[in-house]
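With the numbering used here applied, the sequence shown corresponds to residues 66 to 220, in that order. Cβ coordinates follow ideal geometry from the N, Cα and C atoms, glycine included.
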Amino acid sequence: MSQVAIGMHRHIRSSIHSAVEGLSAKQLLSMPPGFDNNIAWNLGHLVVVLPRLVYRPSGLPLPVDEAMVPLYLPNTSPADWETEPDAEALPAMLMAQLEQLEADYADGRFGENEFSQLTTGSGISISDVDGALVFNTYHEAQHFGFIQALVNVVG
66 MSQVAIGMHR HIRSSIHSAV EGLSAKQLLS MPPGFDNNIA WNLGHLVVVL
116 PRLVYRPSGL PLPVDEAMVP LYLPNTSPAD WETEPDAEAL PAMLMAQLEQ
166 LEADYADGRF GENEFSQLTT GSGISISDVD GALVFNTYHE AQHFGFIQAL
216 VNVVG
């Protein structure tokens with residue numbers, strides 16, 4: 066992973082964190098008319114997708130609570146939740162995961178195994194961890210736009 070890719074990833078995660086900092090659980094969980102999800106779902110989705118794009122294809126265990134995964138996969142919705150997650154914990158999880166990613170990279174964990182090529186839902190083929198991190202940053206930037214729109218409505 067290049068330092069540029071890590072820097073881009075840090076920038077987008079920091080921007081997302083700043084945008085949601087100080088929002089209440091009610092605001093994070095609010096699903097306004099016209100939206101398919103809420104801020105909490107977007108944050109949880111980012112926490113779940115990063116390991117699936119970067120860690121799993123690298124042959125590493127997913128550094129995320131397995132109970133979170135079915136709540137935040139693509140094509141899921143907060144409308145399907147049986148119980149609401151701890152929404153106020155999600156922004157901190159986003160940043161803690163970033164710190165873990167950077168530490169794992171510095172420790173050389175992503176070079177321990179061969180990367181298993183994958184194709185994203187949008188048809189982009191990824192063959193190495195750098196590509197996965199760049200794609201993830203693109204993906205997070207898309208969700209940042211959704212988060213900003215939601216913040217404007219619920220904030």
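Exposure of residue i, with buried meaning 16 or more beta-carbon neighbours within 10 Å
| i | result |
| --- | --- |
| L138 | exposed |
| E205 | buried |
| A197 | buried |
| I191 | buried |
| H76 | exposed |
| Q92 | buried |
7 Å Cβ cutoff met for residue i and residue j
| i | j | result |
| --- | --- | --- |
| I212 | A84 | yes |
| F180 | S123 | yes |
| A70 | D195 | yes |
| Q127 | P116 | Correcting the residue type first, residue 127 is Leu in the shown sequence and not Gln. The answer is yes: Cβ separation under 7 Å. |
| N103 | P150 | no |
| H74 | T185 | no |
Pairwise C-alpha distance: residue j and residue i
| i | j | result |
| --- | --- | --- |
| A152 | L94 | 7 Å |
| S89 | I81 | 15 Å |
| V129 | L166 | 12 Å |
| P97 | P156 | 20 Å |
Those residues which DSSP pairs with residue i across a bridge
| i | result |
| --- | --- |
| I191 | L183 |
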